[in-house]
Every structure is written in structure tokens, then in C-alpha cells.
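To start, the structure under review is shown below, and the notes come after it.
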């Protein structure tokens, strides 16, 4: 393992992204093996002498390693509201690590990387990946950073699934799991939305049976549609109504109906879809939505979630949002109940919000306070131990 | 006006579809004029001597004129659970008329019809249509059938919008409006789902900027995606969960993950999308979803629904379904409240169902009883008057 930064310890205080090259083989759940892989990550704050104050941030479907601060492109991190000095995930107390995960498309090994066996991009041939594979890869990064135990593993949505998976795969390697707007498995409706998104990508003629990279093209229209479906379902009806209502671009609706105009909500979604299709890889979108669909926490435990969680050793904070209809509060309450049934320490909070699933990314005073208070107790405990 | 059946009165008892050719110009809201148009319709039951027992059935987005009975192709009508002898809409009491509406694609004048000005199919050049245009066209059919006043105008979803529009456009031409699973206007979320559906159609390379008919092709992939989005949102999460859960075709999920398999819900939706894309016209889908988006009952009445309904003279039955999240019970309650504020006679019933928006088409004992009882009072009143 090596870092591509000049000094091996530079990353400890760096905000710029770093790349960890993992030279060990990674055996994937699907049976394939990645002989080596790279993980791009960012890290914020300082690792203490005991190496006990590290927090792992797990991104969701379309996330990346740039979680906080402003990067070289001037872009603010996707969770900057929550990570930073004095924020809920306080970088004056914690050493916060956020990798881009394998199979994604922001620098870590994925479909757009070169397959060492062929010398070509993996593309559609990148092996199928599961949440467990992301955890295994993150475990390599953990070893690489000489961290023996995470103070906490934190994530929203698919990130929350990783946090739960960590608690079962490496029970002794994390003190706390913060599981936000997640579910132990997807509902049929969730799977169906993902299926429509994948079909939109695959039916774009530019997809070329997955070999679009060989033709120097991308299925932009399909990817834009996929994102529009996703984006719409991450929002609540109320939030959309408040933001856009029935406003039409270019003035009010013409009562003669001659010019129908475009509703602002349509124009907004089209813009979001097009923007996303410029930056995300189609094969990554297919791989990661399949990962979401196939995640099933209790599957290897006779379908019994309490039996699964009986293997966990960490403490849990579970967070849900009232208007989230993709990963509803009911899903979080099922997680909480299963933890209670397994006799584990769990705190649960449902946050009132009209922002839908996206609420987990957005500023919300009660949510910030809940996560901040929970983690301040974690850091106080670390300080006690250090004394 | 003429009928294409040999005898001009044959249609009164016919179950087979009839075509009414309306030779008068139809001025559309958009400013265009259809010099003449055809309406395919089916009729069930017998028109009484006073011509007072006629019911108009208004179909929704993808509906047609075949509402009840079994047609020549052996296909059961889309509302056969509710229309027939002894059923909620009792054809031993009422003369029930269901036209396919203009802009649709099952025989009435629409994008696949020949434009008399060009001798080519209208295709994408078919003028934009509004709910009011459907009502005007249905009014021509009413005159054609020598009906002076509908005993009731009944419809679900977009059909309910037509029933409300009738009550304002021709207050003296209907005794009752039965408004099922409808809304006075679409929410931003609803508009957004329709926009994604339209973009799926338009971004299919076979759409050819709307000129696909000239190329003897159809944007089947786009239309299938559009239908999958629609279909999924007409169902509830619970109903999908109960029907499919997380079942996977070809046996259970392989825990090695080697063969991911296809979830049954995905296979079901793909099948529904493909089936729909064989029979529906892409331009019709675009036109009718735009009609839905732009419907706004109160728009011409200062945005005040009670002011709008103050012009109505009929009585109303409003029906909603508990798990309908595209046209939620709240939408029906807004209609009911506006009618109450306008001082109109209205009955409202919310039906418990886990079938989502689709519930309005499906068997449900309480729903059948509610509509049946309401209409039995309507027919009793007709008999009283006749005595």
C-alpha cells in the first residue's frame, strides 16, 4: 500500500483528495477478485495519538469523497453543513475520513478504470458489487491509515447501510454506527424505481450494450432520465409544491392555451438530470442501484434482523425524516426495533422535515443538534479514556 | 353528423363500438379548429323515452371506449366491474355511453388520424388539447344521441376532471357528477412525473422529433418507460410489497451474488411497459399528460374553487382512496370543501384500499356499494318523475 502524496503522513491534515493504492487482492461477494484497487479519499481534522478519534463517512448512490470544505475546483463538499470545525461532526475533535467507493466514478477503481487484464476500461464488465464489498475496501483503507477502531461509522441512505454492515462484518472495529435515512432492505417500490432508471440508461442507443466507452460516447439521455426519477423521489410532494407550485417559465400560463410553456418544476428537473449526466458514469449508476436493490441485512441470518444485530457490539444512533417516502421513518423504526430486540444500545430520532429523503443532506437545526450531541458524548468519552 | 352503423338507432342497444362523425367544426382552447372529428364510443343499456337516463363515462389518460362487456377481440372492458346489469352503474336502469376522446389513439380523431389539410397523419402536429375540449367534443356526441341532460357524468382520475369541467361548462346539462380519485389541479410532483415520462418518449431516437409515423416507426422504448413510471406511481408501496415483495425470478437470490437475477417487480413493470408500448401512441401520451398538467379548475375564477363551483347546478359524489398518492384523499377533500363553500350538494366517501390510484379501476365492495347506492337514488328519482 502506498499514498501518492510526497510525504506518507501528509494526508492526516490534508483537505485535498489523496489516493490510497491497495495492492492486496479484494475478493468480491460476486466471486470476482480485484487484484488491486485505488481509493480516493479526503480527510479532515487530526488523528490523535491513540488513533481512536477517526470517523468514517460513507457516501450514498451518487456521492463522492469530497464531503466537506472547498476543493481545488471551488466546490463545497456534499456534507459540509455537518462536517467541519464546531459542526455536528466536529473536525476539531475527530479525524474524519471519506472515501469514494469502488464501482463509483470519481477516481476510485470503477467501470471507467483500466482493467489490468485487458488494458481497456472495465466499462460494463466491472464486476457486480455489494455493500459488503464497500466495507471490505474501506477496511483496507482503515488498515492503511493505521486506524484500529473507528470512533464512528456514519452514513445516510446507502451510507447507513454501510454503517450497519460494518457493525456486523467487523463488530470490534467501530464504537458507534450512525444510521441515517436508511433501510435494512429496499421495498418493491424502491426496486421498481431503480429498475426504471436502469432501463432508461440501457435503452439509450448510446449505451451500446454497455460498451459506450469503446465508442467514446455516453448514454447521457438515459442517465439524465435516471437521475430525474431518482431526484424526484428523493424530494417530497410538499417541498416541490412550496418551491415550484405550478409556476410556468416565461410568465403565467396563457389562458388561450396557445403557448403551453414549461412548468418550472419540469425545467428544474431537466436541468438536474442534464447536469448529472455530464459527471456520472452510466455503468456506475447501474452497479450501485443494483447494490441498493440487493442489500438485505438479515438475509444471512434467517431473515431475522434481531439475530443479525445480535452480532453487533457498537452503539447506534438511528435518524429518520418525517417526509422521506423512499426510506420512510418506518424503515428506521424497524432498524431500531430490531436493535432493541437484539438488546443493543440504540437512540432513535425522527426529524420533522418537508424535504423528503434529501433532508439527510440539508441543513436542519434539530438534526444537526441530535448528531452533534451524540458525537460530543463520543468525543467526551475518548477524552476521558485519554486522561 | 352520421353513424357508420346501417340503422341510425342501432347504437342504442349495441355493445359493439360505434363511430359518430361530427361534421361541425370544433374550436379548441388552443385556438386551432378541427373542421370535423370522429368519436368512437360504446353504449350499454337502453335510452328511456324521456332520454333522461343517460350516463356519460369519461376515461382517463390511457383509457378507451371499451368500458364494459366483452368486445369482438374477447377483451373485457376496463370498468366492467362497475358497469353492467345489476352492477354499481346498472345498465338495466341507465343508458351508459363511453366515448374514446379526441387526441387519444383508439379510433377517435387523434395524432394517428389523417389531417385533411395535408393528407398525412397529424402525428406530433395534432393541436394541443385541454379537458374543456374533451367536454365540448362529448357535448357534440350528446346532441348526436339526442340526449338533453345527462343523469350523471362519471369519471376517475382525468375522468373526474372531465366530470367537474362539465358541471361548470354546461351546468344545466347534467344532474349529477361523480368525481373519483381526481384533483382540481396537479401538484408539482405529479407534473414532474409526467415531464419525465414525456422526456423518455422524446429522447427515444425513434421519436424522430415527433415525426416517427413518417418513418413507419414508434418510440417504443420511451413509451414503455413512460408507462412504467406512470404504472408504478398508480400503485401503492404496500400493494407492490404484498404482490411482489423482494421475490426474484429463477429461484431465490444467489447468496454468492454471482447471478443477480431479476426482481419480480422489475419483470412485471417491464412487461407492462412493453405491452403498453405496442398499443398506445406516443403523441397521444404527450398530449394527454400535458392536458393533465394544465388542468386547473379554478384558474378562470380568480383561483377560487368555490367561486368556480358556484356556477355548478348538479349534485356531486366525490370518492377517494386511502393509499392513492398521485391523487390523494386530500385532493378529493379540497374538491368537497370547495363544493361545500359554494353551497352545493355533495357526498364524499374515502375508501380504504391499499391499491393506490389504480383502486378506482379495481373491485372493492365498499366503493361498489357507495357508487351503486348513490346511482340507485338517481334512478329512483327518474322513475318518480316518469310516474
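Chains as they are written, first to last, in the working numbering: chain S, 835 to 1221; chain G, 835 to 1221. Every residue, glycine too, gets a C-beta built ideally from N, C-alpha and C.
Residue i vs residue j beta-carbon contact at 8 Å
i: residue 1161(G); j: residue 1016(G); result: yes
i: residue 962(S); j: residue 874(S); result: no
i: residue 1056(S); j: residue 1041(S); result: yes
i: residue 1152(S); j: residue 1123(S); result: no
i: residue 922(S); j: residue 1205(S); result: yes
i: residue 986(G); j: residue 889(G); result: yes
i: residue 1008(G); j: residue 983(G); result: yes
i: residue 1139(S); j: residue 1018(S); result: yes
i: residue 917(G); j: residue 930(G); result: yes
i: residue 1035(G); j: residue 1100(S); result: no
i: residue 1178(S); j: residue 1150(S); result: yes
i: residue 1226(G); j: residue 915(G); result: With chain G represented from 835 up to 1221, any question about residue 1226(G) goes unanswered, as that position is not in the structure.
i: residue 1185(S); j: residue 1175(S); result: no
i: residue 906(G); j: residue 866(G); result: no
Three-state secondary structure (DSSP) of residue i
i: residue 1110(S); result: helix
i: residue 903(G); result: coil
i: residue 1217(S); result: helix
i: residue 1170(G); result: helix
i: residue 1026(S); result: helix
i: residue 1070(S); result: coil
i: residue 1056(S); result: helix
i: residue 1036(S); result: helix
i: residue 972(G); result: helix
i: residue 1099(S); result: helix
i: residue 984(S); result: strand
i: residue 1123(S); result: helix
i: residue 864(G); result: coil
i: residue 1063(S); result: helix
i: residue 1165(G); result: helix
i: residue 956(S); result: coil
Alpha-carbon spacing of residue i relative to residue j, whole angstroms
i: residue 959(S); j: residue 977(S); result: 28 Å
i: residue 1220(G); j: residue 1212(G); result: 13 Å
i: residue 936(S); j: residue 868(S); result: 10 Å
i: residue 1090(G); j: residue 1163(G); result: Its pLDDT being 46, under 50, residue 1090(G) is placed unreliably in this model, and the value from its coordinates should be taken loosely. Their Cα atoms are separated by approximately 45 Å.
i: residue 945(G); j: residue 1033(G); result: 18 Å
i: residue 940(S); j: residue 1062(S); result: 20 Å
i: residue 1022(S); j: residue 886(G); result: 48 Å
i: residue 882(G); j: residue 893(G); result: 24 Å
i: residue 902(G); j: residue 861(G); result: 31 Å
i: residue 1191(S); j: residue 1165(S); result: 12 Å
i: residue 1222(S); j: residue 1195(S); result: Only positions 835 to 1221 of chain S appear in the structure, and residue 1222(S) is not among them; the question remains open.
i: residue 792(S); j: residue 1058(S); result: Summary: the structure shown does not reach residue 792(S), with chain S confined to residues 835 through 1221, and so no result is reported for it.
i: residue 896(S); j: residue 852(S); result: 19 Å
i: residue 1020(S); j: residue 1147(G); result: 49 Å
i: residue 948(G); j: residue 1014(G); result: 34 Å
i: residue 1217(G); j: residue 926(G); result: 13 Å
i: residue 1126(S); j: residue 992(S); result: 7 Å
i: residue 1011(S); j: residue 1183(S); result: 14 Å
i: residue 1067(G); j: residue 1159(G); result: 8 Å
i: residue 999(S); j: residue 1135(S); result: 13 Å
i: residue 980(S); j: residue 1109(S); result: 38 Å
i: residue 1141(G); j: residue 1038(S); result: 48 Å
i: residue 1082(S); j: residue 1119(G); result: 21 Å
i: residue 1168(S); j: residue 1143(S); result: 12 Å
i: residue 1080(S); j: residue 913(G); result: 32 Å
i: residue 1145(S); j: residue 1006(S); result: 10 Å
i: residue 884(S); j: residue 872(S); result: 26 Å
i: residue 975(G); j: residue 938(S); result: 58 Å
Cβ distance (whole Å) where residue i is taken to contact residue j below 8 Å
i: residue 1210(S); j: residue 1187(S); result: Not really, about 22 Å apart at Cβ, beyond 8 Å.
i: residue 989(S); j: residue 996(S); result: 5 Å
i: residue 1103(S); j: residue 1029(G); result: 6 Å
i: residue 898(G); j: residue 934(G); result: 5 Å
i: residue 879(G); j: residue 928(G); result: 5 Å
i: residue 1078(G); j: residue 1096(G); result: 11 Å between Cβ atoms; not a contact.
i: residue 1073(G); j: residue 964(G); result: Not quite, the Cβ-Cβ distance comes to about 32 Å (not below 8 Å), so this is no contact.
- Message: Check whether the stretch 1034 to 1047 of chain G and the stretch 1115 to 1126 of chain G are in contact - that is, three or more C-beta pairs closer than 8 Å.
- Response: Counting Cβ pairs under 8 Å, three or more are found: they touch.
- Hey, is the stretch 849 to 857 of chain G in contact with the stretch 968 to 975 of chain G, meaning 3+ C-beta pairs nearer than 8 Å? Touching, yes, given that three or more Cβ pairs across the two stretches are closer than 8 Å.
- Message: Three Cβ pairs or more, each shorter than 8 Å: is that satisfied between the stretch 947 to 959 of chain G and the stretch 1126 to 1139 of chain G?
- Response: Short answer: they don't touch.
- Could you please tell me which residues of the stretch 1052 to 1078 of chain G, in chain order, have their CB closer than 7 Å to any CB of chain A? In the structure shown, chain A cannot be found, because the protein chains are S and G.
- Item | Sufficient close CB pairs (3 or more, under 8 Å) joining the stretch 1189 to 1207 of chain G to the stretch 913 to 931 of chain G | Here the stretch 1189 to 1207 of chain G lies against the stretch 913 to 931 of chain G, with 3 or more beta-carbon pairs under 8 Å apart.
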